[in-house]
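Per this note's numbering, the sequence shown starts with residue 20, numbered consecutively.
Built from N, CA and C at the ideal position, the CB exists for glycine as well.
As the structure is a computational prediction, the values presented were derived from the model and not from experiment.
Notes follow once the structure below has been shown.
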Amino acid sequence: MACNYSSLSSFSAIPISSKSAFPSSSRCNVKSRICCSVGGTVAEPKAINATEPLLLDAVRGKEVERPPVWLMRQAGRYMKSYQILCEKHPSFRERSENVDLVVEISLQPWKVFQPDGVILFSDILTPLSGMNIPFDIIKGKGPVIFDPPRTATDVEKVREFIPEESVPYVGEALTILRKEVLHALLQKFATSMAKYIRYQADNGAQAVQIFDSWATELSPVDFEEFSLPYLKQIVDSVKLTHPDLPLILYASGSGGLLERLLLTGVDVVSLDWTVDIADGRRRLGPNVAVQGNVDPGVLFGSKEFITNRINDTVKKAGRGKHILNLGHGIKVGTPEENVAHFFEVAKGLRY
């Protein structure tokens, strides 16, 4: 009775992507990339492919690499970890209606077997209590409805089921489960990216830039939960073994997050072109270098226009702790001769 599979109740699952391992409908799809510059060359790994969950792709008839798999009752009594938990919490109603326990039990098989869906630990009778039909699940006996409706008068006493009022723990548990799976994925990404940066440094990289390409999609509170801790973990981990390796962080559209980017501990914050670089410098303080931040669209202008914007950016950035760059990547179709002019002017500058 570990998952909903009866016509009395809807099936509740959090499908897991074979590529990204978390629900794609989350606003926190990961698209972070890391690249490093060594001796004038740039090495950039493939972006993480955050596809739809395998289970949903299969249901919708999309091409999949294999059939998705999960098991009915995959969370429950066959698992030793569940049996141990039952000793502490013998009531099935408690185990299926206490948010913390529901989350813990639902994640037990996912942590061990990595199925393609995290199944909500619940029971098909769960809605009954909210319909004024008292029941319990007795050990060794199963579900017991104490006063089943038998007459027209009994039927009149049955209430319409309102999930938000009667079983709020179900919605809360599902919300937490989505976050738990996502945080597990982000933890693996953070650990892996730190190893990757150290690998690059060990093989000659003298500076590494970290891209958080979806920061602009996050509110400050979501950034603090889903991005900041993992960026900081990457930085802290790398600095333990490579304390002198400069780390640059670029987060597109992050003008509202500058002070939070500083908390990651990176050496350089790369500003996009929507931030006035003088204002960005003031907000970040004197202890971190800045990079940027000429508008990439400027490279479609005249050489005089490009020169003026370069000079303006360098003047506003001030002397020292500044790396001249664009505020985003070069756009497709940018005239190559204008890129050459950008470098020529930049290299000719003197403080």
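Per-residue DSSP class, three states only, for G274: helix
Whole-number beta carbon distance between G190 and P239, since they are thought to touch under 8 Å: Actually they are not in contact, since the Cβ atoms of P239 and G190 sit about 25 Å apart, beyond 8 Å.
Close beta carbons around Y249, own chain, < 8 Å, minus the five adjacent residues each side: L205, Q206, F208, A209
Cβ contact check for the segment 179-188 and the segment 154-170: 3 or more pairs under 8 Å: no
Cutoff 7 Å; reference R217; Cβ partners in own chain excluding five residues on either side: V257, T260, H261
Where the beta strand (DSSP E) through A226 begins and ends: 226-230
Exposure label - Y269; buried when at least 16 CB within 10 Å: buried
Spatial distance of M91 from P128 (CA atoms): 11 Å
Best match in P354, G316, G311 for proximity to A365 [C-alpha to C-alpha]: G311
Same chain, Cβ closer than 8 Å to T235, neighbours up to 5 away in sequence not counted: A270, S271, G272, S273
Nearest-angstrom Cα separation, counted from G80 out to N222: 44 Å
Own chain residues within Cβ distance below 8 Å of C105, not counting five before or after: R96, R114
CA-to-CA distance, S141 to L75, given in whole angstroms: 21 Å
Assigned exposure category for D291 - 16 Cβ within 10 Å defines buried: buried
Residue burial classification, S125 (beta-carbon count within 10 angstroms, cutoff 16): buried
Beta strand (DSSP E) runs contained entirely in the segment 258-310, provided each spans 3 or more residues: 266-269, 287-289
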